[in-house]
Amino acid sequence: MKQIILDTSLIISCIEFKIDWEKELNKIIDEKFRIIILDKVLTEIDKVIEKGGKQGRYAKLAKEILKKRYPVKKTQKGHTDDILLRLAKNSIIATQDKELRRRIKEQGRPRILIRQKKYLTIEK
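Residues 22 to 145, numbered by this note's numbering, are exactly what the sequence shown covers, in order.
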């Protein structure tokens, strides 16, 4: 079973643009998959909530959805992007972060991102 790991940037953007990531992932992934959330992603979402504003409201809604629906993977110390890169070897990372996408591409790994503020696509 394929693992899809959602990054903070993609989660908040999906909430902002009203994109149903589960529905979109079912369109682009041809096999069974499960969505994984890292504990570090929840920590990043908490930081966005603390900042407030529109992004804070999106982050708060995102956290409510994530906690109800997905398992949280405990990680070791380290920067979130570095952990995601290590996990990209056996999973697909879904992110809007340009630098992280570039680093995943350099590894020759697929990545998922939002296109035209409407849908998800996979780049190989």
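Just so it is clear, CB atoms sit at the ideal spot from N, CA and C, and this is done for glycine as well.
Per the DSSP calculation, residue i is bridged to which residue(s)?
i           : result
residue 139 : For residue 139, which the question treats as bridged, DSSP gives no partner whatsoever.
residue 24  : 55
residue 132 : 114, 144
Based on Cα-Cα distance, which residue from the options lies nearest to residue i?
i           : options           : result
residue 37  : 87, 60, 79        : 79
residue 69  : 58, 98, 100, 32   : 32
residue 59  : 114, 82, 142, 144 : 114
residue 139 : 28, 34, 67        : 34
residue 56  : 88, 82, 67        : 88
residue 27  : 145, 137, 133, 51 : 133
residue 30  : 53, 24, 66        : 66
residue 39  : 90, 82, 53, 54    : 82
residue 124 : 61, 51, 104       : 104
residue 101 : 92, 62, 90, 84    : 62
residue 141 : 41, 95, 106       : 41
residue 25  : 85, 64, 109       : 109
residue 97  : 90, 107, 136      : 107
residue 64  : 91, 84, 112, 111  : 84
Quick one: any contact between the stretch 111-126 and the stretch 71-80, if contact means 3 or more CB pairs under 8 Å?
no
For the stretch 37-114, list the beta strand (DSSP E) runs that are entirely contained and at least 3 residues long, ordered along the chain.
54-59
Kindly confirm or deny that the stretch 44-53 and the stretch 121-132 touch, where touching means at least three C-beta pairs closer than 8 Å.
Verdict: no, contact absent.
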